[in-house]
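Notes for the one structure printed next.
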Amino acid sequence: MDTKFSVALHIMVMISESTEVQNSDTLANSVNTNPSYIRKITALLKKAGIIESTQGKSGMSLLKSSREIDLLKIYQAVHPKEVKLLNVHTDVNPECPVAQNIEAVLNPIFTDAEQQLFQSLKARTLEDVIKQMKENHNERHSNQAI
4 MDTKFSVALH IMVMISESTE VQNSDTLANS VNTNPSYIRK ITALLKKAGI IESTQGKSGM
64 SLLKSSREID LLKIYQAVHP KEVKLLNVHT DVNPECPVAQ NIEAVLNPIF TDAEQQLFQS
124 LKARTLEDVI KQMKENHNER HSNQAI
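Residues in the sequence shown are numbered consecutively from 4, following this note's numbering.
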């Protein structure tokens, strides 16, 4: 699996929560990647109607509130084609009884697992990610000695 989804979430949190202007350079610095990769991801988010970007001081912004953007929408933005996450190998020995049946047995299991993942993403929002991130941050910093 690639990391486009986690990078997209990183970008979305930065856009939502930062008081600073967010552009491809500042986002690339945070993600520790190339600004052109950030532009590719933000172009997908923009095409999906999740963010808008303008040149200059205003940078990027969300088109909806973080509580209105579910994680499935973000996932689908960066994976616009329906891509199966779990695939069965197909170059098998046709004479082997396991090889003859493995695809028929595993495909429904894999489809069910993917559907559960998509339902879980649909049930969570960008706001949920932000809240959890803030809680983690506060826990890490409240335990530090003064």
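A virtual CB, placed ideally from N, CA and C, is assigned to each residue, including glycine. Bear in mind the structure is a predicted one, so any value in this text is a computation, not a measurement.
- In the structure shown, LEU65 falls within a strand segment according to DSSP collapsed to helix, strand and coil.
- For GLU117, the CB contacts under 8 Å within the same chain, skipping 5 residues up- and downstream, are LYS87, LEU88, LEU89 in chain order.
- The residues MET17, ILE18, GLY62, MET63, in chain order, have a CB closer than 6 Å to that of GLN25 in the same chain once the five nearest residues on each side in sequence are set aside.
- The count of Cβ pairs closer than 8 Å, one atom from the stretch 127-136 and one from the stretch 66-79, reaches three, so the stretches are in contact.
- DSSP places GLU20 in the uninterrupted alpha helix (DSSP H) bounded by 7-20.
- Nearest Cα to ASP73 within the set ALA51, LYS137, LEU109: ALA51.
- If you draw a 10 Å sphere on the C-beta of ALA11, you find 16 or more other C-beta atoms in it, and that means buried.
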